[in-house]
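These notes concern the structure reproduced below.
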Amino acid sequence: MSFHDVRFPTTVSYGASGGPRFSTTVQVLNSGHEQRNINWAQARRDYSVDLSPSRGAEWTAILNFFHARRGRAYGFRLKDFSDFRMPRQTIGTGNGVQTEFQIFKRYVDEDLPAAPYDRLLNKIAPGTVHLYLSGSEQASGWSVDATSGILSLELPPAEAVDISLACEFDVPVRFDTDLLQAVIPGPDVHHWQSIKLVEIRL
1 MSFHDVRFPT TVSYGASGGP RFSTTVQVLN SGHEQRNINW AQARRDYSVD LSPSRGAEWT
61 AILNFFHARR GRAYGFRLKD FSDFRMPRQT IGTGNGVQTE FQIFKRYVDE DLPAAPYDRL
121 LNKIAPGTVH LYLSGSEQAS GWSVDATSGI LSLELPPAEA VDISLACEFD VPVRFDTDLL
181 QAVIPGPDVH HWQSIKLVEI RL
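The structure is reproduced here in structure tokens:
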């Protein structure tokens, strides 16, 4: 899959609306009862971005970004201001052998007996990661691949060592249109359609 490791302008994404979408098939039986089937194991997020009116450098930045992505052809990073931080949480336990761990964010329903939801994080924001082994922060001896979300340690943590981590992250998305349509009502003023962005699976 073609992906450009660049972030959509945050001055625009700050005003985006959207969030996680699941896919559930609901069949209503003759009795009135329902059968529900979960089609996706992981949610897929979609967003609507609106920048109207826009002027000068702001419009130019969007225009350049859209051309560089060739419309829907290439994915990119989006900072979702409604959910971009992962507070410190456990992502694994040492066994004396394993040195690589996939970063994920766990959503827990504390009031109901529902299973936790683990969201894989592939696009980590560089420079935001803090790693802890059994509660002690580690300044060295590890690295994170910001494009895949893989934590790599130089030495395998010993048996039962708690591996916890805090970070910020982006969402891999693409434009959901090949047309950037705008109305120009006056000099250097652009009214453009709300553009949709959809999360892509990596």
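When you line the sequence shown up against full-length UniProt numbering, it's residues 1 to 202, in that order.
We treat Cβ as the ideally placed atom computed from N, Cα and C, and that holds for glycine.
Once DSSP output is grouped into helix, strand and coil, what is the label at residue i?
{"i": "Asn64", "result": "helix"}
{"i": "Glu34", "result": "strand"}
{"i": "Pro11", "result": "The amino acid occupying residue 11 in the given sequence is Thr; Pro does not appear at that position. In this structure, Thr11 counts as helix in the three-state DSSP scheme."}
{"i": "Ala182", "result": "strand"}
{"i": "Ala57", "result": "helix"}
{"i": "Arg77", "result": "strand"}
{"i": "Arg21", "result": "strand"}
{"i": "Arg45", "result": "strand"}
Which same chain residues, not among the five before or five after residue i, have their C-beta less than 6 Å away from its C-beta?
{"i": "Pro9", "result": "Ala61"}
{"i": "Leu165", "result": "Ile91, Leu131"}
Using beta-carbon positions only, say whether residue i and residue j come within less than 9 Å of one another.
{"i": "Tyr47", "j": "Arg88", "result": "no"}
{"i": "Val28", "j": "Ser194", "result": "no"}
{"i": "Pro160", "j": "Thr90", "result": "Rather than Pro, the amino acid found at residue 160 in this sequence is Ala. No, these two residues do not count as a Cβ contact at 9 Å."}
{"i": "residue 208", "j": "Cys167", "result": "Absent from the model: residue 208. The displayed extent of the chain is 1 to 202, so no value can be given."}
{"i": "Val12", "j": "Glu58", "result": "yes"}
{"i": "Asp80", "j": "Ala16", "result": "yes"}
{"i": "Leu180", "j": "Phe3", "result": "no"}
{"i": "Gly71", "j": "Thr177", "result": "yes"}
{"i": "Leu155", "j": "Gly135", "result": "no"}
{"i": "Phe169", "j": "Arg69", "result": "no"}
Does the beta-carbon of residue i have 16 or more other beta-carbons within 10 angstroms, so that it is buried, or is it exposed?
{"i": "Asn122", "result": "buried"}
{"i": "Arg77", "result": "buried"}
{"i": "Val97", "result": "exposed"}
{"i": "Phe175", "result": "buried"}
{"i": "Phe101", "result": "buried"}
{"i": "Ala146", "result": "buried"}
{"i": "Pro116", "result": "exposed"}
{"i": "Ile124", "result": "buried"}
{"i": "Gly75", "result": "buried"}
{"i": "Leu153", "result": "buried"}
{"i": "Pro126", "result": "exposed"}
Apart from the five residues just before and just after residue i, which ones in its own chain have a Cβ nearer than 7 Å to its Cβ?
{"i": "Gly18", "result": "Arg45, Asp46, Tyr47, Ser48"}
{"i": "Ser23", "result": "Asn39, Trp40"}
{"i": "Ile163", "result": "Thr90, Ile91, Gly92, Thr93, Gly94, Phe101, Leu133, Pro157"}
{"i": "Pro113", "result": "none"}
Under 8 Å Cβ to Cβ from residue i, same chain only, skipping five residues before and after it: list those, please.
{"i": "Arg119", "result": "Gln42, Ala43, Phe104, Lys105, Arg106, Tyr107"}
{"i": "Arg21", "result": "Ala43, Arg44, Arg45, Asp46"}
Quick one: is residue i near chain B, going by C-beta distance under 9 Å?
{"i": "Glu154", "result": "Any reference to chain B falls outside this structure, which holds one protein chain only."}
Whole runs of the beta strand (DSSP E) within the region 116-180, excluding any shorter than 3 residues:
117-120, 130-133, 136-138, 142-145, 150-153, 162-175
Could you pull out every unbroken beta strand (DSSP E) segment of at least 3 residues lying fully inside the region 79-109, listed in chain order?
85-93, 100-102, 104-107
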